[in-house]
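In numbering that gives the first Met the number 0, the protein residues as written are 0 to 755. Here is the structure we will look at.
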Amino acid sequence: MLETLRRVIQEVNAARDLNTALDIIVDRVQRAMGTQVCTVYLLDQERQRYLFMATRGLNREAEGKVSLDLHEGLVGLVGERAEPINLENAPSHPRYHYVKEVGEDPFNAFLGVPIIHHRKVLGVLVVQQQEARRYDESEEAFLITLSAQLAGVIAHARATGELTMADATRLPAKRFPGKAGAPGVAIGNAAVVYPQAELYTVPDRKAVDPAADILQLREAVDATRQEIRDVSDKLKDRLRPEELGLFDAYVHMLDDTAITGEVIELIEGGDWVQTALRKVIDNHVSNFRSMEDEYLRERGTDVLDLGRRVLAKLQSNEEKRADFPPDTILVAEELTPSMVVAVPRDRLKGLVSVRGSPSSHVAILARAMDLPTVVAVEDLPVSLLEQKPMIIDGFQGLVITHPNDEQLAFYRGVVEEEAALVQGLSELKDAHAETRDGHRVRLWVNTGLMTDVVRSLDRGAEGVGLYRTEIHFMMNDRFPTEEEQRLIYREHLKAFAPRPVTMRTLDIGGDKALPYFPIEEENPFLGWRGIRVSLDHPEIFLSQVRAMIRANEGIDAYLRIMVPMVSSIAEVDEAQRLISQCYRELIEEGVEVEMPDVGVMIEVPAAVYQARDIIRRVDFLSVGSNDLIQYMLAVDRNNARVAELYQEFHPAVLQALKQVVDACHAEKKYLGICGEMAGNPSAAILLMAMGFDVLSMNSTNLLMVKWAIRSFEMAKAKRMLNKVLKMDNAWLIKNYVDDQLRKAGLGQILRNKAIS
Ligand code: PEP
Ligand code: MG
C-alpha cells in the first residue's frame with residue numbers, strides 16, 4: 000500500500016495542471032482499490048457548489064459540468080461533517096441524492112472522504128461499488144491517507160491553474176493568504192529569486208537573446224558531459240563494464256536528439272534557457288515516474304540528476320541577477336536575509352516568502368528595513384510569477400496577483416493613509432514616551448546594520464536595547480578580526496553616545512548560520528546556539544568581548560554587554576568570568592575604560608524560573624520574547640504551518656513575563672524586553688503596565704508605540720493588565736486589548752485594513 004501511495008502522490012505532484020492531476024488521482028485510486036467508481040468533487044468557493052471534476056466509472060461527459068449544492072447529497076454531508084462516510088447501501092440513506100447526468104444508478108457501496116487543506120474542505124473524494132458492502136477499514140484508511148496527502152497538491156495545482164488560463168486576455172485577480180511579515184502595502188512587479196541548482200524553483204521567463212541562451216546551454220551540456228566522463232574514468236577499476244555503460248547512457252541522454260534538442264526547441268519558441276531546461280526535465284521525470292516497471296521508474300531520478308547538473312553549470316556562468324525593476328517585489332520559496340540585501344534598496348518595495356513565519360529573522364530584517372512583507376504564503380505558485388503585477392498587504396498577510404482596478408484604487412488609498420500617519424507621527428520624535436498620568440518608559444531600538452543607526456536616531460531612539468552583532472559576522476566570509484569588530488562597534492557607540500548601547504554577543508545557530516562555520520543539526524533550535532557556542536569557543540567569545548570593551552575607549556559611551564540563550568546559572572557564571580577576565584587584561588594592557596554593565600537575555604523557559612537567581616549575578620535582564628514564545632509554546636518560529644499558534648498574547652507567555660518583571664524588581668534592578676512583541680503597540684501597553692522599564696523594538700514601530708503610550712494612562716493600562724491576567728484565551732486577550740486601544744483613539748495603528 001505504501002508503495003502505491005508514494006507513486007500516486009509522486010505522479011500527481013508531477014502533473015502539469017489541475018485537471019491532469021485529478022485525472023491521475025481517479026484513475027490510480029480506481030485501479031489500486033479495484034473499485035468500480037472513483038470521483039473527485041471540488042468545492043467552487045465562489046458559487047459554493049461541489050463541482051464534479053473527474054471520474055472513472057461514471058459519466059465522463061459530465062466532468063466539469065455537473066455540480067451539487069453545498070449541502071446536497073452524500074457529498075455535501077461528507078463536506079459538512081468533514082469526516083468520512085462509509086455506507087453499504089447508499090440509496091437508502093436519507094441524504095442520498097440521485098443525479099441523473101452522472102449515471103450512478105446501480106451503485107450501493109459508497110465511501111466518501113473529505114479533502115482538507117488548512118482546516119478547509121477543498122472537496123470530496125468518493126469511491127463506489129455496485130455490490131452492497133461496506134468498504135473495509137484498510138480501504139478507508141488508504142483513501143484517508145491519500146486524501147490528506149493530496150490536499151496540498153490539489154490546492155497548489157488549483158492556484159497554478161488559475162494563473163495560467165491560456166485564453167484569458169486579462170488574468171483575474173487572485174488572492175493568496177499568508178501571514179503578515181512586516182506592515183505596509185506594496186504595489187509592484189514580482190522578481191523571483193531562487194536558490195541555486197534547485198530545478199523546480201526556476202521561474203517561467205522569456206528568453207531575451209535566444210541565440211546566446213543556446214550557446215550557454217551547449218557550454219553547460221559540454222561541461223556536464225565532461226564531468227560525467229571524469230566520474231566514469233575514476234570508477235573504471237571498481238565497476239563492471241555493464242555498470243560503466245550507464246554513464247554512456249547518461250551522456251547520450253544529453254544528445255541533440257534527446258534532452259538538448261528538446262530544450263533548444265523550447266528556447267527557439269521563446270523560453271529562457273533555465274525555464275526550457277526545467278520544462279523538459281519535468282516532462283521526462285514524470286514520464287519515467289508513471290511507468291509500471293520499477294527499474295524504469297527509478298531512471299526518473301537519473302534524469303533529474305542530469306538536469307540539476309546542467310542547471311548548476313548554467314547558474315555558475317550566470318551573472319548575479321541585476322535586472323531588478325524599480326518596483327520590485329522579491330518573491331521566493333524561502334527568502335533569506337542575503338537575498339534581500341542583494342537588491343538595491345531604492346528598487347525594493349516588498350517581500351514575499353512561501354515559507355517562514357512572522358518571527359523568522361528575514362521578517363525581522365524586513366520590519367527593520369520598513370519593507371512590507373508577507374510570509375507563509377503556502378499555495379503561491381512562485382515559478383509562474385516572474386514579472387507579474389501584484390499587491391502585497393503586509394498588514395493582513397495577503398498577496399494579490401493581477402490586481403483589478405478596484406483593488407489597486409483601494410490599496411493606493413491605504414499607501415497614502417500610511418504616509419500621512421508616518422508624517423503625523425514624526426512630530427513625536429523628540430517627545431518623551433510618557434503616559435497621560437506621567438509614567439515614563441524608555442523606548443530603545445534593535446539594530447544590526449549601520450543603516451539602522453541613522454533611521455533610529457531620526458526617530459528619536461533613546462538607546463539601543465539589542466545590537467545583533469551576528470549580522471556583521473553573517474556578511475563576512477570568515478570570522479572578523481578583533482580590530483575589524485572594534486571599528487564597527489565603535490561606530491555604533493559613537494553614534495549613540497551618551498545613550499546606552501546593548502551589544503549582544505554572537506547569537507548563531509538556530510536559523511542563523513555563518514557560511515564559514517556550518518552547524519549541521521537535526522534540531523537546530525534546540526541545539527548549539529548563542530552562549531552555548533560562545534562558551535565552547537572562548538577564543539571567539541573573548542575576542543568579541545575585547546573588541547566591544549576596547550571600542551569604548553575614549554568615547555565613554557554607555558556600553559552594556561548581553562548574552563543570549565542562557566539556560567543555566569553555570570552559563571551566566573562562566574560568561575561573567577570570561578568578561579571580567581577580558582576587562583582585567585585590558586586594564587593591565589593600559590586601556591582606559593569602564594567595566595561595562597553585563598546582562599542576560601531571558602529567552603528560555605528555564606531562565607524565567609531562575610530569573611531571580613540570574614539577576615542577582617548581573618546588572619540587567621532583557622527578555623527575548625521571540626525565542627521565549629517559541630520555546631514556551633513549542634512552536635518553531637520559522638515554521639509556516641504552525642505560525643498561527645505562535646501567540647504573543649498567550650496567557651502562559653504573559654504570566655511568564657510578569658514573573659520575570661517581579662523577580663527583577665524584587666532585586667531592584669532594571670529590565671527590558673527586546674523581542675518583536677515590544678514593537679506591537681497593543682502588547683507594548685501591557686508590557687508597560689507589567690513594569691518593563693525599557694521597550695526595545697525595530698525603529699519602524701518606535702513612533703507608533705510612543706503615540707500609543709502617550710494616549711494612555713498608566714492606571715488604565717494596569718486595570719487592563721489585571722483583567723488580562725485573569726483571562727485564559729489568547730484570541731480573547733488580543734481582541735480585548737485591541738478594543739481598548741481603539742477606544743483610546745488608536746484604531747489607525749492597529750493596521751487591520753481589509754478589502755474583500
Ligand atoms: C528574541 O529572541 O526575542 C531576540 C530578540 O533575539 P533574536 O530574535 O535575534 O533571536
Ligand atoms: Mg533570540
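All C-beta atoms in this analysis are idealised placements derived from N, C-alpha and C, irrespective of residue type, glycine included.
Do Val373 and Gly349 count as a contact pair if the criterion is CB distance below 9 Å? yes
With three or more C-beta pairs closer than 8 Å as the rule, is the segment 583-591 touching the segment 653-671? no
Ignoring anything shorter than 4 residues, give me the alpha helix (DSSP H) runs that lie fully in the segment 25-95, in order along the chain. 72-80
So which of His431, Ser542, Met713, Ser289 has the shortest CA-CA distance to Met687? Met713
Close beta carbons around Ala165, own chain, < 7 Å, minus the five adjacent residues each side: Reliability fails at Ala165, whose pLDDT of 38 lies under 50, so the model's placement of it is uncertain and the value that follows must be treated cautiously. Same-chain partners within the cutoff: there are none.
If we ignore side chains and look at the alpha-carbon of each, how far apart do Ser621 and Ala683 end up? 15 Å
Alpha carbon to alpha carbon, how far is Thr168 from Lys387? No answer about Thr168 holds up, because its pLDDT of 45 lies below 50 and its placement is not dependable.
Is Gly269 near ligand 2 - that is, is its Cβ less than 8 Å away from at least one heavy atom of it? no
Taking Ala210 and Val272 to be in contact with their CB atoms under 8 Å, please state how far apart those CB atoms are, rounded to whole angstroms. About 11 Å; that fails the 8 Å criterion.
Expressed to the nearest angstrom, what Euclidean distance is found between the alpha-carbon atoms of Val7 and Ile24? 7 Å
Supposed close pair Ala189, Val330 - CB separation, criterion 8 Å: 5 Å
Ala181 by DSSP, collapsed to three states: which one? strand
Secondary structure of Ala642, DSSP reduced to three states: helix
Proximity test, Pro514 beta-carbon vs ligand 2 heavy atom, cut-off 8 Å: no
Got a sec, what are the start and stop residues for the beta strand (DSSP E) Phe175 sits in? 173-176
Could you work out which residue in His360, Ala14, Ile748 is closest to Gln395 when comparing CA atoms only? Ile748
Following a CB-centred definition, is Pro563 positioned closer than 8 Å to any heavy atom of ligand 2? yes
So is the beta-carbon of Gly462 under 8 Å away from any non-hydrogen atom of ligand 1? no
Is the closest heavy atom of ligand 2 to the C-beta of Thr602 under 8 Å? It should be noted that the sequence gives Glu, not Thr, for residue 602. Because some heavy atom of ligand 2 lies under 8 Å away, the Cβ of Glu602 counts as near it: yes.
Going by Cα to Cα distance, which pick from Arg709, Met368, Ala31 is closest to Ala432? Arg709
Just checking, does the segment 252-261 make contact with the segment 191-204 on the three C-beta pairs under 8 Å criterion? no
Name the DSSP beta bridge partners of Tyr557, please? Pro499
Should Val704 and Tyr669 be called a contact, given that it needs their Cβ atoms to be closer than 9 Å? no
beta-carbon Glu647 near ligand 1 non-hydrogen atom, thresh 8 Å: no
To the nearest angstrom, how far is it from the Cα of Ala362 to the Cα of Ile487? 24 Å
Does the separation of the CB atoms of Val339 and Leu364 fall below 9 Å? yes
Contact check, Phe472 vs Ile507, beta carbons under 9 Å: yes
What do you reckon, are the CB atoms on Thr468 and Met368 nearer than 9 Å? no
For the alpha helix (DSSP H) containing Gly441, list its first residue and its last residue. According to the sequence displayed, residue 441 carries Arg and not Gly. No alpha helix (DSSP H) holds Arg441; the beta strand (DSSP E) holding it covers 441-446.
Do you know how far the Cα of Leu644 is from the Cα of Met726? 17 Å
May I ask which residues mark the beginning and end of the beta strand (DSSP E) holding Asp572? Not the beta strand (DSSP E): Asp572 falls in the alpha helix (DSSP H), residues 568-587.
With a 10 Å radius around its C-beta and 16 neighbouring C-beta atoms as the bar for buried, classify Asn475 as buried or exposed. exposed
What would DSSP say about Ser755, mapped onto helix, strand or coil? Any reading at Ser755 must be qualified, since the residue scores a pLDDT of 43, below 50, and its modelled position is unreliable; the value itself is stated next. It is coil, neither helix nor strand.
Put Tyr515 into one of helix, strand or coil per three-state DSSP. coil
For Ala365, does the three-state DSSP call read helix, strand or coil? helix
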